[in-house]
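Protein chains in written order, with the numbering used here: chain A, -1 to 133; chain V, -1 to 133.
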DNA sequence: TATTTATTGATACTATAATTACATCATAAA
DNA sequence: TTTATGATGTAATTATAGTATCAATAAATA
């Protein structure tokens, strides 16, 4: 029983090979679209169904195991749930990286000016990654 | 010739009644989905076509006259293009407000840690608006 | 005000995204 | 190892989003 089996069970999800592979892909790729996830899983399970992907992604979201990340001008990607963080995306190659930034000052200031009680900050920074800057 | 006519012409768009109303709705509502925009325009033009909405929204985006805003867990909304700003959304009533925040420190820091050349920051803050806090 | 050119609305269509039903099969727990 | 429960794959289906065509019409300009 590998370690992803435990993670899945903790979220009340049976550890099927398909799910283990989804987790595996999320751990290694980090951020992925439904479409791409299907494509990748097809390599391992040549008869996997898109319905299975959708059913699992939805279940995992319900169980707060993964979360959707909306990217300006792009399709949504999914990532394993973890502590709050922001994202950096390269507009050239679409690489997405997590980045830990302290936004407490910003949200505090925003609370004051807007009179909203703010408890979440979704930040997506766009630009060029190191590689693409050199091209 | 009202003032929206000029704005449209400056963006090389003929000032049709439908377009003037789209601008009008964007100015007063601030942020709106395609769906809702269609709904609202139908009140004024009872035979307006959804195709007209799409054609205009796309044209206006191409002409950098309006822009799409992606909101976590919600449909995209459209707003008039203006100087960079962030958004605050109420998770209860879905009200969206613009907010001007200085993110230069944050993006500068992010550039250093990520080695990305960052030129854009999309920030969506979520919480409860003043009204919904009281309910 | 006549002419050119773009826009509109109607309709049909295409594309993409997501869900359902159900028989078969696998996992987890007894 | 057996059984109950839940997951999978297939296929059909529904939902949602967006585009193309084109005749009629309106806006801009000369």
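Where a beta carbon is used, it is the ideal one built from N, C-alpha and C, also for glycine.
Exercise. Smallest Cα separation from residue 82 of chain A: which of A/90, A/88, A/69, A/65?
Worked result: Taking the first residue of the first chain as 1, we reach residue 82 of chain A at position 84. That would be A/65, whose Cα lies nearest to the Cα of residue 82 of chain A.
Problem set entry | Reference residue 52 of chain A, options A/69, A/25, A/31, closest by Cα | Counted from its first residue, the first chain places residue 52 of chain A at position 54. Residue 52 of chain A has its Cα closest to that of A/31, out of A/69, A/25, A/31.
Problem set entry | Own chain residues within Cβ distance below 6 Å of residue 113 of chain V, not counting five before or after | Mapped onto the second chain, residue 113 of chain V falls at position 115. Close CB contacts of residue 113 of chain V within its chain, under the 6 Å cut and outside five residues either way in sequence, are absent.
For this session: Compare the beta carbon distance of residue 6 of chain V and residue 18 of chain V with 9 Å and say whether it is the shorter of the two.
Result: Taking the first residue of the second chain as position 1, residue 6 of chain V is located at position 8. Taking the first residue of the second chain as position 1, residue 18 of chain V is located at position 20. Residue 6 of chain V is a Cβ neighbour of residue 18 of chain V, given a cutoff of 9 Å.
Exercise. From residue 21 of chain A to residue 69 of chain V, what distance separates their C-alpha atoms?
Worked result: The sequence position of residue 21 of chain A within the first chain is 23, counting from 1. The sequence position of residue 69 of chain V within the second chain is 71, counting from 1. The straight-line gap from Cα to Cα measures roughly 26 Å.
Problem set entry | Straight-line Cα distance separating residue 13 of chain V from residue 97 of chain A | Locating residue 97 of chain A in the first chain gives position 99, where the first residue counts as 1. Locating residue 13 of chain V in the second chain gives position 15, where the first residue counts as 1. Looking at the two C-alpha atoms, the distance is approximately 44 Å.
For this session: Taking residue 65 of chain A as part of the beta strand (DSSP E), name the residues at either end of that continuous run.
Result: Here residue 65 of chain A refers to the residue found at position 67 of the first chain. Membership of residue 65 of chain A in the beta strand (DSSP E) is indicated by the continuous run 64 to 67.
Problem set entry | Whole-number beta carbon distance between residue 72 of chain V and residue 92 of chain V, since they are thought to touch under 8 Å | Locating residue 92 of chain V in the second chain gives position 94, counting from the first residue. Locating residue 72 of chain V in the second chain gives position 74, counting from the first residue. With 8 Å as the limit, residue 92 of chain V and residue 72 of chain V qualify as a contact, their Cβ atoms being about 7 Å apart.
Exercise. Does any C-beta atom of chain A lie closer than 9 Å to the C-beta of residue 15 of chain V?
Worked result: Here residue 15 of chain V refers to the residue found at position 17 of the second chain. With 9 Å as the cut-off, residue 15 of chain V does not count as an interface residue toward chain A.
Exercise. What first and last residue would you give for the alpha helix (DSSP H) that runs through residue 141 of chain A?
Worked result: Because residue 141 of chain A is not part of the residues shown, which for chain A are -1 to 133, the question remains open.
For this session: Might you give, ordered along the chain, the residues of its own chain that have their beta carbon closer than 6 Å to the beta carbon of residue 58 of chain A, omitting 5 neighbours on each side?
Result: Mapped onto the first chain, residue 58 of chain A falls at position 60. Within its own chain, the residues whose Cβ lies closer than 6 Å to the Cβ of residue 58 of chain A, once the five positions on either side in sequence are excluded, are 64, listed in chain order.
Exercise. Since residue 86 of chain A meets chain V, which of its residues come closer than 8 Å, beta carbon to beta carbon?
Worked result: The count along the first chain starts at 1 and reaches residue 86 of chain A at position 88. Close partners of residue 86 of chain A in chain V (Cβ separation under 8 Å): 108, 112, 114, 116.
For this session: Would you list the one or two residues that DSSP bridges to residue 121 of chain A?
Result: As a first step, residue 121 of chain A is located in the first chain; it is residue number 123 there, counting from the start. The partner list for residue 121 of chain A (beta bridge, DSSP) reads V/121.
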